[in-house]
Amino acid sequence: MSAPLVEVSAISRSYSMRSGMFGRATAVHAVDGVSLSIPKGETLGLVGESGSGKSTTGRIVLGLEPPDRGDVRFDGKPMAALGTQAWRTQRARMQMIFQDPLGALDRRLPVASQIREPLDIHGIGTVAEREDRVRELLRAVELTPAHGARYPGALSGGQRQRIVLARALATKPDFLVCDEPVSALDVSIQAQVVNLLCDLQARLSLTLLFISHDLRVIRQISTIVAVMYLGRIVEIGSADDLFARPEHPYTQALVSASPAPGRRSAGRIVLSGDPPNPAARPNGCAFHPRCPRALARCASEVPVLSAIGDGRQVACHLVTGPHVQTRDAA
Amino acid sequence: MTDTTLKDGSKLGSGVRRRISLPAIPLSVALAIAWIIAMLVVAALAEKIAPYGYTQLDLRNRLSAPGNVAHWLGTDELGRDVLSRLLVSIRISLLIAFGATAISAVVGTTLGFLAAHFRGLVEQLVLMLTDFQASMPFLIMALAVLAFFGNSLPLLIGLMGLFGWERYARIARGLAISANAQGYAAAVRQLGARPSRIYLRHILPNIASTLIVSTTLVFPEVILMESGLSFLGLGVQPPMTSLGNMVGYGREYLTRAPWIMLAPATTIVVTTLAVSVIGDWLRDKLDPTLQ
Amino acid sequence: MGRYFAIRIGRAALTIVLVVTFAFVVLRLSGDPALMILGPEAPPEVLAAFRKAWGLDDPIWFQYLDYFGAIAKGELGRSMRDGRPAIELVLERIPATLALTVPAFLLKVALGIPAGIYAALHRGSAIDRAVMMTAVAGFTVPSFVLALLLVLVFAVQLGWLPSGGQDSWRHAILPIATLSLGGAAVLARFTRSAMLEVLGQPYIRTASAKGVPWRMVVTSHALPNAAIPTVTILGFMVGTLIAGAVVVESVFAWPGVGRLLVVAVANRDLAVVQCILLLVALTMVTSNLIVDFLYGFLDPRLRAKGAHA
Numbered sequence: 001m002s003a004p005l006v007e008v009s010a011i012s013r014s015y016s017m018r019s020g021m022f023g024r025a026t027a028v029h030a031v032d033g034v035s036l037s038i039p040k041g042e043t044l045g046l047v048g049e050s051g052s053g054k055s056t057t058g059r060i061v062l063g064l065e066p067p068d069r070g071d072v073r074f075d076g077k078p079m080a081a082l083g084t085q086a087w088r089t090q091r092a093r094m095q096m097i098f099q100d101p102l103g104a105l106d107r108r109l110p111v112a113s114q115i116r117e118p119l120d121i122h123g124i125g126t127v128a129e130r131e132d133r134v135r136e137l138l139r140a141v142e143l144t145p146a147h148g149a150r151y152p153g154a155l156s157g158g159q160r161q162r163i164v165l166a167r168a169l170a171t172k173p174d175f176l177v178c179d180e181p182v183s184a185l186d187v188s189i190q191a192q193v194v195n196l197l198c199d200l201q202a203r204l205s206l207t208l209l210f211i212s213h214d215l216r217v218i219r220q221i222s223t224i225v226a227v228m229y230l231g232r233i234v235e236i237g238s239a240d241d242l243f244a245r246p247e248h249p250y251t252q253a254l255v256s257a258s259p260a261p262g263r264r265s266a267g268r269i270v271l272s273g274d275p276p277n278p279a280a281r282p283n284g285c286a287f288h289p290r291c292p293r294a295l296a297r298c299a300s301e302v303p304v305l306s307a308i309g310d311g312r313q314v315a316c317h318l319v320t321g322p323h324v325q326t327r328d329a330a
Numbered sequence: 001m002t003d004t005t006l007k008d009g010s011k012l013g014s015g016v017r018r019r020i021s022l023p024a025i026p027l028s029v030a031l032a033i034a035w036i037i038a039m040l041v042v043a044a045l046a047e048k049i050a051p052y053g054y055t056q057l058d059l060r061n062r063l064s065a066p067g068n069v070a071h072w073l074g075t076d077e078l079g080r081d082v083l084s085r086l087l088v089s090i091r092i093s094l095l096i097a098f099g100a101t102a103i104s105a106v107v108g109t110t111l112g113f114l115a116a117h118f119r120g121l122v123e124q125l126v127l128m129l130t131d132f133q134a135s136m137p138f139l140i141m142a143l144a145v146l147a148f149f150g151n152s153l154p155l156l157i158g159l160m161g162l163f164g165w166e167r168y169a170r171i172a173r174g175l176a177i178s179a180n181a182q183g184y185a186a187a188v189r190q191l192g193a194r195p196s197r198i199y200l201r202h203i204l205p206n207i208a209s210t211l212i213v214s215t216t217l218v219f220p221e222v223i224l225m226e227s228g229l230s231f232l233g234l235g236v237q238p239p240m241t242s243l244g245n246m247v248g249y250g251r252e253y254l255t256r257a258p259w260i261m262l263a264p265a266t267t268i269v270v271t272t273l274a275v276s277v278i279g280d281w282l283r284d285k286l287d288p289t290l291q
Numbered sequence: 001m002g003r004y005f006a007i008r009i010g011r012a013a014l015t016i017v018l019v020v021t022f023a024f025v026v027l028r029l030s031g032d033p034a035l036m037i038l039g040p041e042a043p044p045e046v047l048a049a050f051r052k053a054w055g056l057d058d059p060i061w062f063q064y065l066d067y068f069g070a071i072a073k074g075e076l077g078r079s080m081r082d083g084r085p086a087i088e089l090v091l092e093r094i095p096a097t098l099a100l101t102v103p104a105f106l107l108k109v110a111l112g113i114p115a116g117i118y119a120a121l122h123r124g125s126a127i128d129r130a131v132m133m134t135a136v137a138g139f140t141v142p143s144f145v146l147a148l149l150l151v152l153v154f155a156v157q158l159g160w161l162p163s164g165g166q167d168s169w170r171h172a173i174l175p176i177a178t179l180s181l182g183g184a185a186v187l188a189r190f191t192r193s194a195m196l197e198v199l200g201q202p203y204i205r206t207a208s209a210k211g212v213p214w215r216m217v218v219t220s221h222a223l224p225n226a227a228i229p230t231v232t233i234l235g236f237m238v239g240t241l242i243a244g245a246v247v248v249e250s251v252f253a254w255p256g257v258g259r260l261l262v263v264a265v266a267n268r269d270l271a272v273v274q275c276i277l278l279l280v281a282l283t284m285v286t287s288n289l290i291v292d293f294l295y296g297f298l299d300p301r302l303r304a305k306g307a308h309a
């Protein structure tokens, strides 16, 4: 592993939420003390259910919103303050791929001019060079120059996401955050887009933060995987290792629910209890009400993310506490 | 801009893209458009097509009835040709209405964007002003300003330009906030675009159809407001003439020469009606969410 | 609910402050207030005394506060024309204005609301189309044109009614007709769309699907709900009673506040204009407040939320 391109230390973010017009405001901790480090050229897959804070983490990592606490360093330097000229200049090096490509595109402009837009914004190249670059980008995402003349509404979902990808790559960024980039697409199209992302990542040696709730997609693209539950990372490790031997009960449940080649789908762990609600986070380990193996202390003590070797870190009393030997139980 | 709006009319945030087939225009809308075009031509060429100068006296033919060869629409108390005065009045009234509508659209949209961009204190200030504007009868405010400052054509246009800005401000603020929260504006912002680019190149074209529909609501009201003020003798001042001004002076001769007042009054009614008809049609086509 | 009303009252106070500020700014921008209020013929020592009394040599923010103080005490200056206190001039014109606007308002409600409800319940019928067409006419025909047309027909051609003045009740008929016709059409159109909106709601369909008689559905479900937006526009109409009278009083030579305003503007009688401006603002703000309070009671959602707060 080379030096990290992105280093996130202990970021937290909470929102105040009002119930109704006259209700009392309550603080919702969307992200709580998340630390990540993404080496250059690697892909970190961030997985979790909706409400786990993975999208907020992605936005903070990209500098689209400031963390309440903690900080993000990009290429060894702190992230520029939101909305400043330095921040805008920095955008050329880091880009975002959105879940909804139609929403991310301006319906009133032909897509070629939208792919060109980052070059116009950052003043890269002459007009002729920009036109060439647009054609090159369209080819890179496996579309033709003819597609460039169309409006977003006249393209399919997969084609739109390719356009968003081409636009994100226009300034040759080092870092991409992909927030559920394929979950709005048909399953058959998903694979194509993920394959394209994998190819481009390898060819352009991009660093990726890939956010998804879908373990199959995460498995296909990631080299490192982090699992989030209600605003905290519960397990992180290299992808192959983590999928082969999930340590945290939540990860185990997720992995068991996701069929994989060469693994028996038997022994699926079905989680009981309410789906996680960020506005009412349980005390202690947030997962304990649904955990099949919860101990008494899980309801009161918050487990700390601790290293257990091979670059793996887990936040679970069962794993880091006296019961380390329970991994065979899954 | 109107062109792209029609070709590509789609409502913000709705996933549906609607295309408008231009030939399917109802007869009433076609007539309304024809009338507005005729008014614009008249306004542009008023002095060229008017048979007489609008202040030219013909003392031998005072208060002559419409229908005679020399004066199609008759003459007024000083023998001035009503048709010629009407043509010039249309020019002045449309000039004021267009100038004022443009000012109010620009001012309102700008304030709405500022509110959406800065939020916080700026937004509260803009909202307070829109509330204030919406809750005070504009005629009274306009009369107060005219009392304090006297009267001139630029002042009148500027004053009328303060009419209706709060609608643009509300619409622009609401749509810009939703565009900023999710979607294309957020996407362009994270590309590193300056706010000016986001608002002018992306948000403005996307909300243009809604703003155009609002314009069709404000424009006739500006015409009515200006003609009302001029009718009261507090708007356009003689020797200049406007539609309301003509009605105001014609009222003195209501018994003997009702045509002096009827010609400009009909023009006012038909023009506001035409703009409303076009506005209703555009609203159905472009933006069904507006009332 | 307390919070809701506190916000409304705060807003009303703010509107008044803004109107006074508007008057202050406009007054200061337009020249020497002493000359403006007292008139150019005022002797120099009176001007000096006025400047001293109004603190015109003080810093501007001090003058601004002073101006508020003076208005709060009812010192609204004297009319340039006859030297009487402006407030007296305005107050003595109010009965005449109310004599036109109150009957006109009642007529608007009596015509507009039933017509709107009928049109909504008989959508597409001849009466519905007639209501809609009249509503369009009510919007596009300015009141001065309507007034002159009524004069032309009923006073000039038919000779049934007088064309202007305030000598008998017959003089009030045409002004009241002018004021109420346009407003009734607008109100009918508004009531119609409020009713149609309510009639399209799922709870109406549920009620009629449950077998509730249609008459009951309309009277106990549709009307109360359609009343909420209609009350808002009625409140706004009350607020604009004086403003609406400006044109009509001028046409019919009716000696009310509206005509006084037009004459005052023409003569640049600033004390009177300022006084009427404040009167209109107070009317608007009061009627808006009343609407907000009514709204609070009419809208059960607001009541329910208020109960929790």
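Chains as they are written, first to last, in the UniProt record's numbering: chain V, 1 to 330; chain U, 1 to 291; chain G, 1 to 309.
Note that beta-carbon positions come from the ideal geometry of N, C-alpha and C, so glycine has one too.
- Assigned with DSSP and collapsed to three states, residue 182 of chain G falls in helix.
- Among the residues of the region 214-236 of chain G, none has a Cβ less than 8 angstroms away from any Cβ of chain U.
- DSSP places residue 136 of chain U outside both helix and strand once states are collapsed to three, so it counts as coil.
- Bridge pairing for residue 45 of chain V: V/210 and V/225 [DSSP].
- Note on residue 165 of chain U: 16 or more other CB atoms within 10 angstroms of its CB, so buried under the neighbour-count rule.
- Secondary structure in the region 187-267 of chain G: the alpha helix (DSSP H) runs of 4 residues or longer, each lying completely within the stretch, are 202-209, 223-239, 241-251 and 257-267 in chain order.
- Within the region 26-70 of chain V, the runs of beta strand (DSSP E) at least 3 residues long that lie entirely inside it are, in chain order, 43-47.
- Going by C-alpha positions, residue 60 of chain U is about 29 angstroms away from residue 145 of chain G.
- By the C-beta density criterion, residue 129 of chain V is exposed, having fewer than 16 other C-beta atoms within 10 angstroms.
- Looking at the DSSP output, residue 128 of chain G sits in no beta bridge, so it has no partner there.
- Nearest to residue 147 of chain G by C-alpha distance, out of G/254, G/21 and G/92, is G/254.
- Residue nearest to residue 157 of chain U within the set U/147, U/100, U/126 and U/186 is U/100 (criterion: CA-CA distance).
- Counting only residues of its own chain and dropping the five nearest sequence neighbours on each side, residue 174 of chain G has a CB closer than 6 angstroms to the CB of 150 and 161.
- A direct Cα-Cα distance of roughly 18 angstroms separates residue 60 of chain V from residue 104 of chain V.
- CA-CA distance, residue 212 of chain G to residue 8 of chain G, rounds to 38 angstroms.
- Taking each of U/98, U/194, U/184 and U/78 in turn and checking the Cα distance to residue 83 of chain V, the smallest one comes out for U/194.
- As DSSP reads the structure, residue 77 of chain V sits in a beta bridge with V/74.
- Taken through DSSP and simplified to helix, strand or coil, residue 75 of chain G comes out as coil.
- The C-beta separation of residue 73 of chain V from residue 11 of chain V comes to about 11 angstroms, leaving the pair out of contact by the 8 angstroms criterion.
- When the five nearest sequence neighbours on each side are left out, the beta carbons in the same chain lying within less than 8 angstroms of the beta carbon of residue 254 of chain V are those of 47, 215, 227 and 246, in order along the chain.
- Under the Cβ criterion (8 angstroms, minimum of three pairs), the region 107-124 of chain V does not count as touching the region 52-66 of chain V.
- Taking the C-beta atoms as reference points, residue 108 of chain U is found no nearer than 8 angstroms to residue 84 of chain U.
- According to DSSP, residue pairing for residue 75 of chain U in a beta bridge involves U/81.
- Using a CB distance cut-off of 8 angstroms, residue 240 of chain G counts as an interface residue toward chain U.
- Neighbours of residue 236 of chain U across chain G, judged by C-beta separation under 7 angstroms, do not exist; the nearest C-beta is about 14 angstroms away.
- Contact annotation: residue 251 of chain V and residue 270 of chain V have beta-carbon atoms that are not nearer than 8 angstroms.
- One alpha carbon belongs to residue 200 of chain V, the other to residue 36 of chain V, and they sit about 23 angstroms apart.
- The three-state secondary structure of residue 168 of chain U, taken from DSSP, is helix.
- Looking from the CA of residue 67 of chain V, the closest CA among V/81, V/312 and V/45 belongs to V/81.
- If the five residues before and after residue 106 of chain V are omitted, its C-beta is found closer than 8 angstroms to the C-beta atoms of 114 and 152, all from its own chain and listed in chain order.
- The beta-carbon of residue 146 of chain U is placed no less than 8 angstroms from the nearest beta-carbon of chain V.
- The Cβ neighbour count for residue 229 of chain V, taken over all protein chains shown within 10 Å, is at least 16; the residue is labelled buried.
- With respect to the 8 angstroms criterion, residue 164 of chain V and residue 182 of chain V are not classified as neighbours on the basis of their beta carbons.
- Residue 186 of chain V has its alpha-carbon roughly 33 angstroms from the corresponding atom of residue 8 of chain V.
- Your pair residue 244 of chain U and residue 229 of chain U checks out as a contact, with CB atoms roughly 7 angstroms apart and the cut at 8 angstroms.
- Residue state for residue 301 of chain V is assigned as coil, using DSSP reduced to three classes.
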